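Below you can see the structure in the form of structure tokens.
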């Protein structure tokens with residue numbers, strides 16, 4: 001996934017809307033409609049033309065940034081510290097064990113399901129294509145609002 005497609009913030013507060021603002025909106029003056037570029041990280045620098053070398057550097061930067069940024073979103077405090085429950089209409093990334101973090105799907109919280117202790121344990125999420133339920137441990141908030 002190109003860094004031009006990385007979500008920055010929700011486009012609206014509408015719970016039905018899962019569109020997000022990306023750097024590509026500023027660069028291309030509209031929603032980016034870009035096909036993913038093939039990875040060049042496995043090629044040695046000696047075989048690459050200048051353009052390919054620049055693309056390799058961009059991809060390396062993107063891979064590192066996305067893994068560090070998304071890991072930061074997932075950090076948890078010790079269980080002794082109470083954290084605020086997630087809220088309706090928050091944007092989240094759905095953790096998918098078979099995909100790298102940069103490919104996780106975006107969703108908006110449309111319903112909260114608290115446990116016996118009044119803490120949210122399960123979320124109902126609206127993705128671009130469906131409505132699903134996920135345990136709270138399988139999502140991470142997109143933004144600290």
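Residue numbers (the UniProt record's numbering): 1 to 145.
Yeah, the Cβ is synthetic: ideal placement off N, Cα and C, and Gly gets one too.
As the structure is a computational prediction, the values presented were derived from the model and not from experiment.
Per DSSP, reduced to three states, the secondary structure at residue 7 is coil, with no helix or strand assignment.
The beta carbon of residue 64 sits closer than 7 Å to none of the beta carbons in its chain outside the five residues before and after it. Separation of the CB atoms of residue 122 and residue 141 is rounded to 16 Å, and the pair is thereby denied contact status at 8 Å. The alpha-carbon of residue 96 is positioned some 35 Å away from that of residue 50. For the UniProt domain "DUF5641" (50–142), the continuous beta strand (DSSP E) assignments of 3+ residues that do not extend past its boundaries occur at 91–94, 105–114, 120–126, 131–135 and 139–141, in sequence order.
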